[in-house]
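Here the structure comes first, spelled out in structure tokens, and everything after it is commentary.
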Amino acid sequence: MTEYLKQSRTRQRQRVIFVYAMVVLVMIGLAGRLLYLMVNRADYYGEKAKEVHQRQRAVKAARGIIYDRNGTEIASNKPVSTISVIHNQIEEPEKVIAVLSKLLDLPEDKIRKRVEKVSSIEKIKSNVDKEVSDKIRDMELAGVMVDEDYKRYYPYSEFASKVIGFTGADNQGIVGMEVAYDKYLQGMDGSILTMTTARGLEIDGKAEERVEPVAGANLYTSLDVNIQTFAQQAAEKVMKAKKAKSVRILMMNPQNGEIYAMVNVPEFDLNDPYTLPDKKAATYSEKKKQVALNGMWRNACVSDTYEPGSTFKVITASSALEAGVVKLTDTFHCPGFKIVEDRRIRCHKTTGHGSETFVQGVQNSCNPVFMEVGARLGVDNMFQYLNQLGILSKTGIDVPGEASTIMHQKENVGAVELATMSFGQSFQLTPVRLLSTISMIINGGTQITPHFGVKLESSDGTAVKKLTYPSTEGVISAQISETMRMILESVVSEGSGKKAYVEGYQVGAKTGTSEKLPRSSNKYIASCMGFAPADNPVVAALVLIDEPQGIYYGGTIAAPVISELLDNALPYLGVERGEIVTNAPG
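Sequential numbering from 139 applies to the sequence shown in the working numbering.
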């Protein structure tokens with residue numbers, strides 16, 4: 139019995155020692171953990187504690203302003219506010235709901251959900267006009283926050299709408315230059331930090347910490363308010379006169395690729411970009427409405443392809459001259475058609491032009507002449523020059539959505555395809571691609587990149603970044619370029635482009651008329667490309683009239699628009715009538 143009690147006491151002592159040792163180990167572990175947290179993790183948990191006791195509200199940065207080439211604002215900002223509520227700070231919930239519902243024109247049940255939601259902060263509405271937000275601020279409703287914000291504003295409404303683009307509710311770019319240059323324009327938001335209790339109530343006497351926002355960079359562009367406005371008016375006038383589906387106009391400096399104007403009428407109101415012109419739009423499904431909006435916003439000068447028709451003969455002629463397969467004095471015969479394999483392909487003059495030189499063939503826009511020239515070039519040479527002159531590549535223009543040229547596969551091109559390609563049919567390209575290549579042909583042979591962006595400047599003006607674009611010299615010889623300028627000037631002075639004439643200036647031009655697919659639809663695109671002064675161009679323009687009613691020939695209805703555009707632009711750009719330009723800008 140005595141031995142049993144002795145063993146029992148020994149076991150109890152061992153248990154006590156074990157428990158004591160375990161407590162000591164746990165205490166040492168806890169102390170070590172506490173020491174680790176206090177020393178090694180102090181910063182981390184300090185930030186966590188700060189987050190619990192701080193409420194952060196964003197202060198929106200002003201978006202960078204977009205200017206035209208003369209420094210005129212074409213996209214700016216309008217001060218607005220964002221209205222939010224903080225659940226734990228609201229003292230009169232029913233009054234808050236009633237006031238915000240009335241002033242913000244929102245349903246009470248929608249606001250009630252936000253007011254009653256237990257969260258750090260709930261946004262009620264953004265882009266609230268300053269007049270309305272000032273009324274809310276003056277009422278000093280507990281728990282209602284009024285924070286400054288900015289809304290994009292476009293002073294000229296429909297001016298270059300499909301080029302400039304617009305922003306969404308979050309002030310981020312959606313289409314056009316607004317999205318292309320978004321990372322530069324958007325700036326950096328600031329913040330307001332407020333100390334609160336664990337329950338989310340602001341601590342009286344604690345000052346707010348404010349991090350100031352940094353405004354986005356300003357973008358200076360080559361667009362010109364005056365040239366764009368005049369071009370837009372000219373487009374609207376001819377669209378109305380010809381009851382056309384749409385009209386596109388491009389005007390650019392052929393020396394450096396700066397675009398002065400890009401018109402796509404009908405345009406839309408940049409300050410109201412979600413309203414469709416169709417009166418039946420209210421009955422559209424969401425899917426149909428989105429398709430219609432995408433169509434309304436689409437920049438057809440960049441994103442849509444078309445058959446260029448006879449304006450493309452500029453490229454065929456340049457390629458043939460550069461390849462040495464034709465001379466200016468070469469003679470051809472046009473009976474009004476040409477038989478190619480089993481096809482009879484006609485000229486626009488069905489009675490024929492008779493005997494004519496190569497230059498006269500260009501002046502007359504004679505299809506049989508160009509079919510012969512295309513045959514002389516051959517498939518290999520044709521595709522070599524299509525590639526060399528950039529036709530098979532995108533231009534790299536600085537707005538989104540550029541479409542690629544739709545061209546035959548080389549191995550599928552036979553005599554018929556080669557013949558139709560030579561005068562601008564059976565393939566498609568974009569207007570900006572065509573004018574960019576023609577600009578290279580008339581500027582001495584330098585391939586340029588069409589563009590709008592000229593420079594970026596920080597909001598305080600301390601940092602300026604000049605934007606540069608790729609260019610390639612000597613794509614064709616300067617001699618061929620000079621020859622083409624001479625030929626195209628003769629198209630106006632002696633040939634089919636007479637209506638592009640501008641008194642006091644030497645103008646070069648090439649007209650075009652292309653039949654849309656399917657050919658049986660009897661729908662056409664009338665076009666004309668023009669430039670001046672012919673000896674050293676400062677401006678090149680392209681006009682496309684889509685589905686004109688009645689007379690549809692480019693030389694009849696598009697060439698007069700070119701004349702009107704150049705007659706207005708040349709004096710504005712500082713070229714006097716009768717002046718010989720020796721150093722074109724760019």
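No residue lacks a Cβ here, since even glycine has one placed at the ideal position from N, Cα and C.
Counting along the chain, the unbroken beta strand (DSSP E) around residue 678 starts and ends at 677–684. Below 8 Å, enough C-beta pairs join the stretch 662–671 and the stretch 570–583 to call them touching: three or more. Here residue 538 has 313, 314, 317 and 318 as same chain residues with Cβ atoms under 8 Å from its own Cβ, once five neighbours each way along the sequence are excluded. Per DSSP, the beta bridge partners of residue 475 are 484. Rounded to the nearest whole angstrom, the CA to CA distance from residue 431 to residue 404 is 13 Å.
Under DSSP, residue 217 takes part in a beta bridge, and its partners are 288. In the three-state reduction of the DSSP assignment, residue 519 falls in the helix class, which pools H, G and I. The alpha-carbon of residue 292 is positioned some 5 Å away from that of residue 213. Distance from the CA of residue 263 to the CA of residue 220, rounded to the nearest whole angstrom, comes to 6 Å. Of the candidates 413, 311, 696 and 694, the residue whose Cα lies closest to the Cα of residue 201 is 311.
It is roughly 18 Å from the alpha-carbon of residue 421 to the alpha-carbon of residue 411.
As a beta-bridge residue in DSSP terms, residue 469 pairs with 495.
The C-alpha of residue 500 lies about 16 Å from the C-alpha of residue 557. Counting every other CB atom within 10 Å of its CB across the protein chains shown gives residue 482 a total below 16, marking it as exposed.
Between the stretch 375–394 and the stretch 275–295, the count of C-beta pairs closer than 8 Å stays below three; the two stretches do not touch. Residue range 662–670 is occupied by the beta strand (DSSP E) that includes residue 663. Taking each of 321, 302, 325 and 271 in turn and checking the Cα distance to residue 198, the smallest one comes out for 325. Between residue 595 and residue 355, the beta carbon gap of about 6 Å places them in contact (Cβ cut-off 8 Å). Take the alpha-carbon of residue 511 and the one of residue 439: they are about 29 Å apart. Measuring C-alpha to C-alpha distances from residue 674 to each of 551, 644, 427 and 368 identifies 644 as the nearest. Around the beta carbon of residue 649, 16 or more other beta carbons sit within 10 angstroms, so the residue counts as buried. Here residue 616 is exposed, its C-beta having fewer than 16 other C-beta atoms within 10 Å. Counting C-beta atoms within 10 angstroms of its own C-beta, residue 151 has fewer than 16 neighbours from the protein chains shown and is therefore classed as exposed. Non-local beta-carbon contacts of residue 524 in its own chain, meaning distances under 6 Å to residues more than five positions away in sequence, involve 530 in chain order. Here residue 257 has 225 as same chain residues with Cβ atoms under 7 Å from its own Cβ, once five neighbours each way along the sequence are excluded. Excluding five sequence positions before and after residue 707, the CB atoms of its chain that fall closer than 6 Å to its own CB belong to 365 and 677, given in chain order.
Counting along the chain, residue 315 sits inside the alpha helix (DSSP H) bounded by residues 314–318. Assignment of residue 204 by DSSP, reduced to helix, strand and coil, places it in the strand class.
In the displayed model, residue 708 falls within a helix according to three-state DSSP.
Close CB contacts of residue 554 within its chain, under the 7 Å cut and outside five residues either way in sequence, are with 478, 479 and 481 (chain order). By the Cβ criterion, the stretch 460–471 is not in contact with the stretch 590–607, since fewer than three pairs of Cβ atoms, one from each stretch, lie closer than 8 Å. Residue 329 sits close to residue 196, with the two beta carbons spaced by under 7 Å. The C-alpha of residue 548 lies about 43 Å from the C-alpha of residue 323. Listed in chain order, the alpha helix (DSSP H) elements of length 4 or more contained wholly in the stretch 410–437 are 424–435. In the assembly as shown, residue 309 is a buried residue. Its beta-carbon has 16 or more other beta-carbons within 10 Å. Non-local C-beta neighbours of residue 290 in its own chain, meaning closer than 7 Å and more than five positions away in sequence, comprise 201, 213, 215, 304, 305 and 309, ordered along the chain.
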